[in-house]
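Chemist:
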Amino acid sequence: MQIQDLTALLDKVNARFVLLLCHHNADPDAIGAAFALSRLLERLRPRIRIEIAAAEGPSRLSRQLLTVLPFKLSLYPPIENADAIVLLDTNTIQQLDDWADRVKGSAVPIIVIDHHASHPETEKLATLSVSDENASSTCEIIYRFFMDMNVRFGEVEAKALFLGIAFDTRHFILANSTTLKIVADLIDAGVNAREALALLSLPMQTSERIARLKASKRARLVRVGEWIVGFSHVGAFQASAARALISLGVHVAIVVGQKNERLKVSMRSSQVFYHATGFHLGRDLAKPLGEYLRGMGGGHAVSAGANGVGDWEACFKRTVRLIKEKIKTG
Numbered sequence: 003m004q005i006q007d008l009t010a011l012l013d014k015v016n017a018r019f020v021l022l023l024c025h026h027n028a029d030p031d032a033i034g035a036a037f038a039l040s041r042l043l044e045r046l047r048p049r050i051r052i053e054i055a056a057a058e059g060p061s062r063l064s065r066q067l068l069t070v071l072p073f074k075l076s077l078y079p080p081i082e083n084a085d086a087i088v089l090l091d092t093n094t095i096q097q098l099d100d101w102a103d104r105v106k107g108s109a110v111p112i113i114v115i116d117h118h119a120s121h122p123e124t125e126k127l128a129t130l131s132v133s134d135e136n137a138s139s140t141c142e143i144i145y146r147f148f149m150d151m152n153v154r155f156g157e158v159e160a161k162a163l164f165l166g167i168a169f170d171t172r173h174f175i176l177a178n179s180t181t182l183k184i185v186a187d188l189i190d191a192g193v194n195a196r197e198a199l200a201l202l203s204l205p206m207q208t209s210e211r212i213a214r215l216k217a218s219k220r221a222r223l224v225r226v227g228e229w230i231v232g233f234s235h236v237g238a239f240q241a242s243a244a245r246a247l248i249s250l251g252v253h254v255a256i257v258v259g260q261k262n263e264r265l266k267v268s269m270r271s272s273q274v275f276y277h278a279t280g281f282h283l284g285r286d287l288a289k290p291l292g293e294y295l296r297g298m299g300g301g302h303a304v305s306a307g308a309n310g311v312g313d314w315e316a317c318f319k320r321t322v323r324l325i326k327e328k329i330k331t332g
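Just so we're aligned, residue 3 is where the sequence shown starts under our numbering, counting upward by one.
The structure is reproduced here in structure tokens:
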């Protein structure tokens with residue numbers, strides 16, 4: 003059992019302080035998974051002290067979740083003092099931003115728990131990796147940990163897991179039958195689905211609306227066989243802009259943000275595109291693009307990201323080339 007491997011590793015190093023780290027701008031899946039795992043470990047190993055931190059803090063939506071979950075994120079995690087470090091929902095070490103080098107330089111065990119396509123560099127770094135790309139979310143993996151150890155979660159842990167799953171499945175649009183059974187169990191544990199889902203809804207900020215409109219205005223469209231690839235660039239809200247382009251009708255959306263030479267790339271594709279082509283954004287585009295940009299990339303089949311250095315024009319050309327190389331256009 004994977005959770006037993008984790009606790010065995012903590013016992014082996016006689017861990018007294020465990021640090022749970024989430025990726026930058028941590029989303030509800032990362033936050034919910036970290037909180038639920040902390041509560042599980044507290045019950046399995048009461049002597050261990052646990053802190054949770056997110057690089058660059060939580061997302062705007064996650065900040066709303068933190069008003070109903072009884073914990074606070076550590077702003078300045080003592081990475082060097084940890085006896086073990088757990089990375090949650092963090093596909094690449096660079097998603098830890100300024101903490102990345104400190105984590106890589108640590109001599110303590112690093113445990114990765116994630117549902118993205120695994121990244122080779124992250125695998126090399128990890129002492130133990132619990133990765134399941136078939137899981138809807140990292141929260142779904144943590145749910146299985148509770149089941150494997152025959153530990154029943156309370157209402158607050160159930161709410162954290164429910165919110166993470168709901169967020170990563172786009173309010174269950176992407177959920178399969180296994181995920182829906184898990185959601186039913188969480189509701190049976192006391193989650194009020196209507197009230198919980200309301201926490202995942204925030205009015206769109208004016209700056210985000212402007213970013214979406216700018217991305218649409220600047221979009222370049224390329225035909226790859228029968229598919230339409232949209233490429234654009236904005237200074238912020240790249241992920242939101244990519245989702246907007248998908249809703250407008252492109253099959254693949256690539257939106258880049260550039261600050262000096264640093265690039266941040268957000269990618270989205272439609273389910274129709276993925277099922278018809280088998281083109282996996284995390285594996286087939288984000289990973290090789292991240293390497294080309296001398297950075298890192300990874301993610302899901304229909305949602306991924308990359309970062310590195312370079313020019314957004316060159317990034318655009320490389321992206322189109324990678325897609326064309328993979329997809330047979332007849």
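Think of the CB as a built atom: it goes at the ideal place given N, C-alpha and C, for glycine as much as any other residue. Just so it is clear, the structure is predicted and the values come from calculations on it, not from any experiment.
Between the Cα of residue 90 and the Cα atoms of 82, 103, 134, which residue gives the shortest distance?
Modeler: If we check each option's Cα against that of residue 90, 134 comes out closest.
Chemist: On the DSSP letters alone, give me the boundaries of the beta strand (DSSP E) that residue 235 sits inside.
Modeler: Looking at the DSSP string, the run of the beta strand (DSSP E) that includes residue 235 is 229-235.
Chemist: Taking the alpha carbon of residue 242 as the point to measure from, which residue in 262, 251, 193, 217 has its own alpha carbon closest?
Modeler: Closest by alpha carbon: 217.
Chemist: Can you name, in chain order, every residue of its own chain whose Cβ lies under 6 Å from the Cβ of residue 238, other than the five neighbours on each side?
Modeler: Excluding residues within five positions, the ones whose Cβ falls inside 6 Å are 213.
Chemist: What first and last residue would you give for the alpha helix (DSSP H) that runs through residue 37?
Modeler: Residues 30-46.
Chemist: Going straight from the alpha carbon of residue 11 to that of residue 129, what length do you get?
Modeler: For residue 11 and residue 129, the distance between alpha carbons rounds to 9 Å.
Chemist: Tell me the rounded alpha-carbon separation between residue 162 and residue 9.
Modeler: Distance between the alpha carbons of residue 162 and residue 9: 22 Å.
Chemist: Kindly provide the ranges of any beta strand (DSSP E) runs that are 3 or more residues long and lie completely inside the region 147-199, ordered along the chain.
Modeler: Those beta strand (DSSP E) runs which fall completely within the region 147-199 and span 3+ residues do not exist here.
Chemist: So, are the CB atoms of residue 333 and residue 157 less than 8 Å apart?
Modeler: Because the chain is modelled from 3 through 332, residue 333 falls outside the range shown and cannot be assessed.
Chemist: Drop a sphere of 10 angstroms on the beta-carbon of residue 251, count the other beta-carbons inside from all chains shown, and report buried for 16 or more, exposed for fewer.
Modeler: It is exposed - the Cβ of residue 251 has fewer than 16 other Cβ atoms within 10 Å.
Chemist: Looking at residue 57 and residue 22, is the spacing between their C-beta atoms short of 8 Å?
Modeler: No, Cβ-Cβ distance for residue 22 and residue 57 is not below 8 Å.
Chemist: Among all the DSSP beta bridges, which residues are the ones paired with residue 259?
Modeler: Residue 259 pairs with 266.
Chemist: Starting from residue 292, trace the alpha helix (DSSP H) both ways and give me its first and last residue.
Modeler: From DSSP, the alpha helix (DSSP H) with residue 292 extends over 289-294.
Chemist: Quick check: the Cα distance between residue 37 and residue 86, rounded to an integer number of angstroms?
Modeler: Each residue's alpha carbon lies about 16 Å from the other.
Chemist: List the DSSP bridge partners of residue 88.
Modeler: According to DSSP, which records beta bridges pairwise, residue 88 is partnered with 22, 113.
Chemist: Taking Cβ positions, are residue 287 and residue 329 nearer each other than 8 Å?
Modeler: No.
Chemist: Does the structure place the region 197-208 close enough to the region 225-233 that three or more beta carbon pairs sit under 8 Å?
Modeler: In short, these stretches do not touch, since the Cβ pair count stays below three.
Chemist: Please determine, among 54, 323, 224, the residue with the shortest C-alpha to C-alpha distance to residue 79.
Modeler: Closest by alpha carbon: 54.
Chemist: Got a sec: is the Cβ-Cβ distance from residue 20 to anything in chain B below 8 Å?
Modeler: Of the protein chains in the structure, only one exists, and it is not chain B.
Chemist: Alpha carbon to alpha carbon, how far is residue 6 from residue 151? Give it in angstroms, no decimals.
Modeler: Near 8 Å, if we compare the C-alpha coordinates of residue 6 and residue 151.
Chemist: Using 10 angstroms around the beta-carbon of residue 49, count the other beta-carbons present and answer buried if the total reaches 16, otherwise exposed.
Modeler: Classification for residue 49: exposed.
Chemist: With residue 164 and residue 42 assumed to form a contact (beta carbons below 8 Å), what rounded beta-carbon distance in angstroms separates them?
Modeler: With a Cβ gap of about 16 Å, residue 164 and residue 42 do not count as contacting.
Chemist: Answer with buried or exposed for residue 280, where buried requires no fewer than 16 other C-beta atoms within 10 angstroms of its C-beta.
Modeler: Burial call: exposed.
Chemist: Just the C-alpha distance for residue 208 and residue 215, rounded to the nearest angstrom, thanks.
Modeler: Rounded to whole angstroms, residue 208 to residue 215 spans 11 Å at the Cα level.
Chemist: On the three-pair Cβ rule with 8 Å, is the region 310-327 touching the region 264-272?
Modeler: Judged by Cβ distances under 8 Å, the region 310-327 makes contact with the region 264-272, as three or more pairs qualify.
Chemist: What residues in its chain sit with their C-beta under 8 Å from that of residue 113, if we drop five residues either side in the sequence?
Modeler: Same-chain partners within the cutoff: 8, 11, 86, 87, 88, 89, 128, 129, 130, 131, 132.
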